[in-house]
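Visitor: Just so you know, we're using this note's numbering here: the sequence shown kicks off at 350 and counts up by one.
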Amino acid sequence: MDREDRPQELPELQLLVTGDLSPVTGDLARTTVQEVLDEARRPVRSARVRLARMPQREGRPAVAQVLVDVDGELVRVQVAAQTMTDAISLLARRLAVQLGRLEWARSHDLTEADDESGTLEWRDGAEAARRPLRADVPSAERSLVRRKDYRLARESVDEAALTMETMDFDFHLFTETGSGQDSVIYRFSPGPFRLAQLEPAEGVTARRVPVNVLTTAAPVLTEDEARARLGATDYPFLFFKDAETGRGSVLYGRYDGHYGLITAVSADRAPEAATPFAAATDAGTSLESSLRDRVSALESQVAALAEILDRLTAGLEAVPGAPEDPEEVRRSARLAKELLLAAGFRR
Numbered sequence: 350m351d352r353e354d355r356p357q358e359l360p361e362l363q364l365l366v367t368g369d370l371s372p373v374t375g376d377l378a379r380t381t382v383q384e385v386l387d388e389a390r391r392p393v394r395s396a397r398v399r400l401a402r403m404p405q406r407e408g409r410p411a412v413a414q415v416l417v418d419v420d421g422e423l424v425r426v427q428v429a430a431q432t433m434t435d436a437i438s439l440l441a442r443r444l445a446v447q448l449g450r451l452e453w454a455r456s457h458d459l460t461e462a463d464d465e466s467g468t469l470e471w472r473d474g475a476e477a478a479r480r481p482l483r484a485d486v487p488s489a490e491r492s493l494v495r496r497k498d499y500r501l502a503r504e505s506v507d508e509a510a511l512t513m514e515t516m517d518f519d520f521h522l523f524t525e526t527g528s529g530q531d532s533v534i535y536r537f538s539p540g541p542f543r544l545a546q547l548e549p550a551e552g553v554t555a556r557r558v559p560v561n562v563l564t565t566a567a568p569v570l571t572e573d574e575a576r577a578r579l580g581a582t583d584y585p586f587l588f589f590k591d592a593e594t595g596r597g598s599v600l601y602g603r604y605d606g607h608y609g610l611i612t613a614v615s616a617d618r619a620p621e622a623a624t625p626f627a628a629a630t631d632a633g634t635s636l637e638s639s640l641r642d643r644v645s646a647l648e649s650q651v652a653a654l655a656e657i658l659d660r661l662t663a664g665l666e667a668v669p670g671a672p673e674d675p676e677e678v679r680r681s682a683r684l685a686k687e688l689l690l691a692a693g694f695r696r
């Protein structure tokens, strides 16, 4: 193996775990992410992996996320599955796609509006990510639990689309360079992106990704009005013009069933520090839903047991009637043990 081909050392790799997951699961995540990053063509400065089990009764409660600094540029992935083992496997596959997109972007100039062939190659593998299902919290009980103030990046439509994809966002709030308008780019399903602006204007940058530009202006709302409007719909987020600041804002539904708010700030104003409100609200929500969390955990364990039995059966009966393969049986037993621990079972 050449020196250049040796696995990269990741001294800054961090693992954050929320919920009752075994150390074996953490080791699996570290190893899986390391194998993907070993293939990166540029230096990996740091990587942070987060594993969490969502407090919900159905859907995909196991959530895996990774944030990687590749030579000064960030790549993010977030996926969800029924079991943490499956979530980690999905994480690895999607991370490989994201790294490929970043490498493509570094070798192409998105500011050049030409007909260069291969300009959409970064969209290869753009299958819909499996997201966590949002907790079902009645509209009247939802709270605004997180605020994020940003100086918006000035980007072309193509650059904004690539940012959204490499960061694995459902939407991206930015200032569009051609029109100077605060804008949001998003996509609800496979197909063209959509672009919404505060005031649709002429001069939007030429684009090579398929984008449908909305012709209606963003509504002018206060925060309370935005919450009322989003609460009356099934939309994942609401883009609006803040009635006080006149800047673009996005109110979005979090996976815990509550709200988050992203607001734009002027260049001469520093983004505000996070307030203790979010932590206090999260603590209150946790206490109120402790019983629901226990029921959710029990149901997840039952689902995990069913999968474990399937794994063991597959190991014992890979070919019905044929002698068992000792190595396959051992592999299935190890995987079954990992699934038991990941699901929260103890000796």
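We put the beta carbon where it would ideally sit given N, CA and C, even for glycine.
Keep in mind that this is a model prediction, so the values were computed, not measured.
Tell me, to the nearest whole angstrom, how far the beta carbon of phenylalanine 523 is from that of glutamate 548; I am working on the premise that it is less than 8 Å.
Guide: Not really, about 15 Å apart at Cβ, beyond 8 Å.
Visitor: Tell me the DSSP secondary structure of arginine 425 in three-state form.
Guide: strand
Visitor: Kindly give me the distance between the Cβ atoms of valine 419 and alanine 389, rounded to whole angstroms, as I take these residues to be in contact under 8 Å.
Guide: 6 Å
Visitor: With DSSP collapsed to three states, give me the class of glutamate 504.
Guide: strand
Visitor: Straight-line CA distance for glutamate 514 to phenylalanine 589?
Guide: 22 Å
Visitor: Please state whether the Cβ-Cβ distance between arginine 483 and glycine 609 is less than 8 Å.
Guide: no
Visitor: By DSSP, does valine 366 sit in helix, in strand, or in coil?
Guide: strand
Visitor: Verify whether the separation of the beta carbon atoms of valine 373 and alanine 441 is less than 8 Å.
Guide: It is not a contact, given that the beta carbons lie outside the stated cut-off.
Visitor: Would DSSP call serine 492 helix, strand or coil?
Guide: coil
Visitor: List the DSSP bridge partners of phenylalanine 542.
Guide: In the DSSP secondary-structure assignment, phenylalanine 542 is bridged to Val560.
Visitor: Whose C-alpha, out of Ala577, Val366, Gln363, is nearest the C-alpha of serine 492?
Guide: Ala577
Visitor: In whole angstroms, what separates the C-alpha of glycine 580 from that of threonine 565?
Guide: For glycine 580 and threonine 565, the distance between alpha carbons rounds to 21 Å.
Visitor: Could you tell me the alpha carbon to alpha carbon distance between glycine 368 and valine 428, rounded to whole angstroms?
Guide: 17 Å
Visitor: For glycine 595, which three-state DSSP category applies?
Guide: coil
Visitor: Per DSSP, what kind of secondary structure is threonine 571 in: helix, strand or coil?
Guide: In the structure shown, the three-state DSSP call for threonine 571 is coil.
Visitor: Among Thr434, Leu365, Val417, which one has its Cα closest to the Cα of glutamine 447?
Guide: Of Thr434, Leu365, Val417, the residue nearest in Cα terms is Val417.
Visitor: Beta carbon of proline 399, beta carbon of leucine 365: below 8 Å?
Guide: The question names proline, but residue 399 in the sequence shown is arginine. Yes, Cβ-Cβ distance for arginine 399 and leucine 365 is below 8 Å.
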